[in-house]
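17 is the number of the first residue of the sequence shown in this note's numbering; add one for each residue after it. The beta carbon of each residue, even a glycine, is placed where N, CA and C say it ideally should be. Working notes, beginning with the structure itself.
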Amino acid sequence: MFPRSQFAASVANDCGIVELMEDLGSALASGEPDMVMMGGGNPARIPEVERLWSQAITALAQSPDVLGPMLGNYDPPSGNPGFRSELAGFLRRACGWEVGPENIAVTPGGQTAFFFLLNLFGGRRSDGGGPPRKILLPLAPEYIGYAGQGLEPDFFVSCPGKIKLTRPNRFKYHIDFDRLQITPDIGAICLSRPTNPSANVVTRKELERLATLAETHGIPLLLDNAYGLPFPGVVYTKAEPFWHPSVIQTLSLSKLGLPGTRTGFVVGPPEIIREISALNAVVGLANNNLGQFLAKSLLQSGELERIGRDVIRPYYRRRCLETLALLDRELEGLPYRVHEPEGAFFLWLWLEGCPLSSRELYLGLKERGVIVVPGNYFFYGMPGDWTHQKECLRLSYTQPPEILEKGIKALGAWLRTLAFPPRRKRTQRSAGSGDKTSAG
17 MFPRSQFAAS
27 VANDCGIVEL
37 MEDLGSALAS
47 GEPDMVMMGG
57 GNPARIPEVE
67 RLWSQAITAL
77 AQSPDVLGPM
87 LGNYDPPSGN
97 PGFRSELAGF
107 LRRACGWEVG
117 PENIAVTPGG
127 QTAFFFLLNL
137 FGGRRSDGGG
147 PPRKILLPLA
157 PEYIGYAGQG
167 LEPDFFVSCP
177 GKIKLTRPNR
187 FKYHIDFDRL
197 QITPDIGAIC
207 LSRPTNPSAN
217 VVTRKELERL
227 ATLAETHGIP
237 LLLDNAYGLP
247 FPGVVYTKAE
257 PFWHPSVIQT
267 LSLSKLGLPG
277 TRTGFVVGPP
287 EIIREISALN
297 AVVGLANNNL
307 GQFLAKSLLQ
317 SGELERIGRD
327 VIRPYYRRRC
337 LETLALLDRE
347 LEGLPYRVHE
357 PEGAFFLWLW
367 LEGCPLSSRE
377 LYLGLKERGV
387 IVVPGNYFFY
397 GMPGDWTHQK
407 ECLRLSYTQP
417 PEILEKGIKA
427 LGAWLRTLAF
437 PPRRKRTQRS
447 AGSGDKTSAG
């Protein structure tokens, strides 16, 4: 084969997100009725939401003044000017953010937005001096999709979450500020909210503390709102959109039910927006127009905000509670815990003391026709070895209830054949690189 570049070695290789998307794509494309897909982040097909998209697309198609430019024109690489103005107005009204169109860049999805942002702030320095900059993840586990995006080795530094046992068979991660260190080689702090995979919604107090740390060190806090606020708003706790001068935000249409439009947004200082725009031009010339035109019409009518608040969030909340009840029933008596489900589309399952690693569980479940995501992929950039990272699975609950029941029954039946050690009694302590817990 032909010799490859360092870029190929860094990005074009097998990693967690590649495996996840191949599993997702293969399962959806095959139409295999016996496959239980509890792995990927594909949103559920909600009839009322799909009717709205159908009506909006029909209206666009029946308007020649809209259809021609939407399909036949390149827009500026920062995005459609009319859409950016509409989105800025919405963010001012709904969130109180002090932004204009100059603070917004459209990207080909949130994944691309983060590839741009992470490599703007991480990697070799533009002046050539000092070691390459790294990206700090203040709360591991963190999103699998960031892991392969760095163009330099050892691109991420992760801080293990502090575990609090909240109630029987439930727990929650908190940022361990006592361990969080912002060294001179840190170029940015990065966090998803709700956190993918754990469905953790970091509190406003924690966000304010992170933003202050970022401001003090002259670096940005990159905040990924793919599942969060202001849209699609899949958040089950009391939370508000967060704004701070040191924060660069990303939003996406995907979890509203439009992943096929590949439309994301970066909200930040004008100089960052200009750099994102330049990257768009170099990498792809311009963005997909369909998502922008759809979102613009729905922002103007108020439907975008309504559909998230009145349809999407309640739908996933119901599905979350149903799936939790299934897990509690099928895993009763086993040493399991579920992270407090505060948002997103996932449950984060911790099988403490499991004799098989999460990777082995993933492979065994796949043989049984059940696709999940092994937890080890979400703990990259971690110092040392943390047993916890081998004991977790991410379970999506976007599939119909009868499919989820089939998958969870298969999971429970297999786990009951394994020899778990007695559950350890946990008290507040710190051990290893991440075994810090508090009972509660």
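ask   = When burial is assigned at 16 or more other CB atoms within 10 Å of the CB, is M86 buried or exposed?
value = Indexing the sequence shown from 1 puts residue 86 at position 70. With 16 or more Cβ atoms within 10 Å of its Cβ, M86 is classed as buried.
query = What are the uninterrupted segments assigned as beta strand (DSSP E) that are 3 or more residues long and contained completely in the segment 191-234, given in chain order?
reply = 202-208
ask   = Of the choices V263, R329, R345, whose alpha-carbon is the least far from that of T414?
value = Position 398 of the sequence shown, counted from the first residue, corresponds to residue 414. The residue among V263, R329, R345 with its C-alpha nearest the C-alpha of T414 is R329.
ask   = Whose C-alpha, out of I288, S313, A129, is nearest the C-alpha of T74?
value = Numbered from 1 along the sequence shown, position 58 holds the residue referred to as residue 74. For T74, the nearest C-alpha among the options comes from S313.
ask   = Where does S412 land, buried or exposed, given buried means 16+ other C-beta within 10 angstroms?
value = As a first step, residue 412 must be located in the sequence shown, where it is residue number 396. Its Cβ being crowded by 16 or more others within 10 Å, S412 is buried.
query = Roughly how many whole angstroms lie between the Cα atoms of N303 and I235?
reply = Within the sequence shown, residue 303 is the residue found at index 287, counting from 1. Within the sequence shown, residue 235 is the residue found at index 219, counting from 1. Spanning the two alpha carbons is a distance of roughly 28 Å.
Beta-carbon proximity check, L196 vs P147, cutoff 7 Å = For the purposes of this step, residue 196 is taken as the residue at position 180 of the sequence shown. For the purposes of this step, residue 147 is taken as the residue at position 131 of the sequence shown. Contact annotation: L196 and P147 have beta-carbon atoms that are not nearer than 7 Å.
ask   = What span of residues does the alpha helix (DSSP H) with R410 cover, start to end?
value = Within the sequence shown, residue 410 is the residue found at index 394, counting from 1. Bounds of any alpha helix (DSSP H) do not take in R410; it lies within the beta strand (DSSP E) bounded by 408-412.
heavy atom of the ligand HEM below 6 Å from E421 C-beta = This structure simply doesn't include the ligand HEM, nor any ligand for that matter.
inquiry  = Using only the alpha-carbon positions, how far apart do W364 and F394 sit?
reply    = Locating residue 364 in the sequence shown gives position 348, counting from the first residue. Locating residue 394 in the sequence shown gives position 378, counting from the first residue. Each residue's alpha carbon lies about 11 Å from the other.
query = Closest to A156 by CA distance: which of G177, A163, D143 is it?
reply = Locating residue 156 in the sequence shown gives position 140, where the first residue counts as 1. Minimum Cα distance to A156 is reached at G177.
ask   = From C111, P92, A242, pick the residue whose C-alpha is nearest to that of N58; which is it?
value = Taking the first residue of the sequence shown as position 1, residue 58 is located at position 42. Closest by alpha carbon: A242.
query = What number of angstroms, rounded off, separates the C-alpha of G397 from the C-alpha of C206?
reply = Start at 1 with the first residue of the sequence shown, and residue 397 comes out as number 381. Start at 1 with the first residue of the sequence shown, and residue 206 comes out as number 190. Straight across, the Cα-Cα distance linking G397 with C206 is about 13 Å.
message = Per DSSP, what are the beta-bridge partners of Y189 in this structure?
response = Here residue 189 refers to the residue found at position 173 when the sequence shown is read from its first residue. Partner(s): I179.
inquiry  = Quick check: what's the CA-CA separation for G105 versus L295?
reply    = Walking along the sequence shown from the start, residue 105 turns up at place 89. Walking along the sequence shown from the start, residue 295 turns up at place 279. Computed Cα separation, rounded: 25 Å.
query = Quick one: what's got a C-beta closer than 8 Å to V52's C-beta in the same chain, skipping five residues either side?
reply = Counted from its first residue, the sequence shown places residue 52 at position 36. G385, V386, I387, Q415, I419, L420, K422, G423, A426, listed in sequence order.
ask   = Buried or exposed: A72, going by 16 or more other Cβ atoms within 10 Å of its Cβ?
value = By one-based count along the sequence shown, residue 72 stands at place 56. With 16 or more Cβ atoms within 10 Å of its Cβ, A72 is classed as buried.
message = Quick check: Q165 and L136, are their CB atoms within less than 7 Å of each other?
response = Here the question's residue 165 lines up with position 149 in the sequence shown. Here the question's residue 136 lines up with position 120 in the sequence shown. Between Q165 and L136, the CB-CB gap reaches or exceeds 7 Å.
message = Taking the straight line between their C-alpha atoms, what separation do you get for G116 and P124?
response = To locate residue 116, count along the sequence shown from 1; it is residue 100. To locate residue 124, count along the sequence shown from 1; it is residue 108. Computed Cα separation, rounded: 20 Å.
message = At the level of alpha carbons, what is the spacing between D451 and W402?
response = Here the question's residue 451 lines up with position 435 in the sequence shown. Here the question's residue 402 lines up with position 386 in the sequence shown. Only weak support exists for where D451 lies, its pLDDT of 48 falling under 50; the value from the coordinates is given anyway. Rounded to the nearest whole angstrom, the CA to CA distance from D451 to W402 is 7 Å.
query = Between the C-alpha atoms of V327 and V82, what's the straight-line distance to the nearest angstrom?
reply = The residue you call residue 327 lines up with position 311 of the sequence shown. The residue you call residue 82 lines up with position 66 of the sequence shown. V327 and V82: Cα-Cα distance of roughly 28 Å.
ask   = Among the residues of its own chain, which have a CB less than 6 Å from the CB of Y331, if the five just before and after it don't count?
value = Here residue 331 corresponds to residue number 315 of the sequence shown, with the count starting at 1. Same-chain partners within the cutoff: I62.
query = Are there 16 or more other CB atoms within 10 angstroms of the CB of S21, so buried, or fewer, so exposed?
reply = Residue 21 sits at position 5 when you count from the first residue of the sequence shown. Label assigned to S21: exposed.
ask   = By Cβ distance, which residues of its chain are closer than 7 Å to R375, with the 5 residues on each side in sequence left out?
value = Taking the sequence shown and counting its residues from 1, one reaches residue 375 at position 359. Answer for R375: P390, N392, listed in chain order.
query = So, are the CB atoms of L367 and E319 less than 7 Å apart?
reply = As a working note, residue 367 is residue 351 in the sequence shown. As a working note, residue 319 is residue 303 in the sequence shown. For L367 and E319, no; Cβs fall outside 7 Å.
message = Could you compute how far the alpha carbon of L409 sits from the alpha carbon of F171?
response = The count along the sequence shown starts at 1 and reaches residue 409 at position 393. The count along the sequence shown starts at 1 and reaches residue 171 at position 155. Those two C-alpha atoms are separated by around 24 Å.
task = Report the three-state DSSP secondary structure of I62 (helix, strand or coil).
result = Here the question's residue 62 lines up with position 46 in the sequence shown. Coil.
task = Rounded to whole angstroms, what's the CA-CA distance from E222 to P437? Just pull it up for me.
result = Position 206 of the sequence shown holds residue 222. Position 421 of the sequence shown holds residue 437. If I take the Cα positions, the gap works out to 35 Å.
ask   = Which class does K150 belong to by DSSP, given the choice of helix, strand or coil?
value = In the sequence shown, counting from the first residue as 1, residue 150 sits at position 134. Three-state DSSP puts K150 in a strand.
task = Mind reading off the beta-carbon distance from G359 to P210? Whole number of angstroms is fine, and I expect it under 8 Å.
result = Your numbering for residue 359 matches position 343 in the sequence shown. Your numbering for residue 210 matches position 194 in the sequence shown. Between P210 and G359 the Cβ distance is about 3 Å, and since that is below 8 Å, they are a contact.
message = Beta-carbon within less than 6 Å of A204's beta-carbon, same chain only, minus the 5 sequence neighbours each way: which residues are those?
response = Translated into positions along the sequence shown, residue 204 becomes position 188. So the qualifying residues of the chain are F137, I151, I235, P236, L238.
message = Taking a contact to mean a Cβ-Cβ separation below 7 Å, would you say L267 touches T279 in this structure?
response = Stepping through the sequence shown from its first residue, residue 267 is reached at position 251. Stepping through the sequence shown from its first residue, residue 279 is reached at position 263. In this structure, T279 does not lie closer than 7 Å to L267 by Cβ.
ask   = Distance, Cα to Cα, V263 vs Y189?
value = Taking the first residue of the sequence shown as position 1, residue 263 is located at position 247. Taking the first residue of the sequence shown as position 1, residue 189 is located at position 173. Taking the straight line joining both Cα atoms gives about 22 Å.
message = By the DSSP assignment, the beta strand (DSSP E) with S268 in it spans what residues?
response = The residue given as residue 268 occupies position 252 in the sequence shown. It spans 263-268 - the beta strand (DSSP E) in which S268 sits, taken as one unbroken run.
ask   = Should P257 go down as buried or exposed, given a rule of 16 or more other Cβ atoms within 10 Å for buried?
value = Against the sequence shown, residue 257 aligns to sequence position 241. P257 is buried by the Cβ-count criterion.
inquiry  = Tell me the DSSP secondary structure of T453 in three-state form.
reply    = Along the sequence shown, read from residue 1 onward, the residue named residue 453 stands at position 437. Because T453 sits at a pLDDT of 40, beneath the cut-off of 50, its placement in the model cannot be relied upon, and the following sentence gives the value as read from the coordinates. In the structure shown, T453 falls within a strand segment according to DSSP collapsed to helix, strand and coil.
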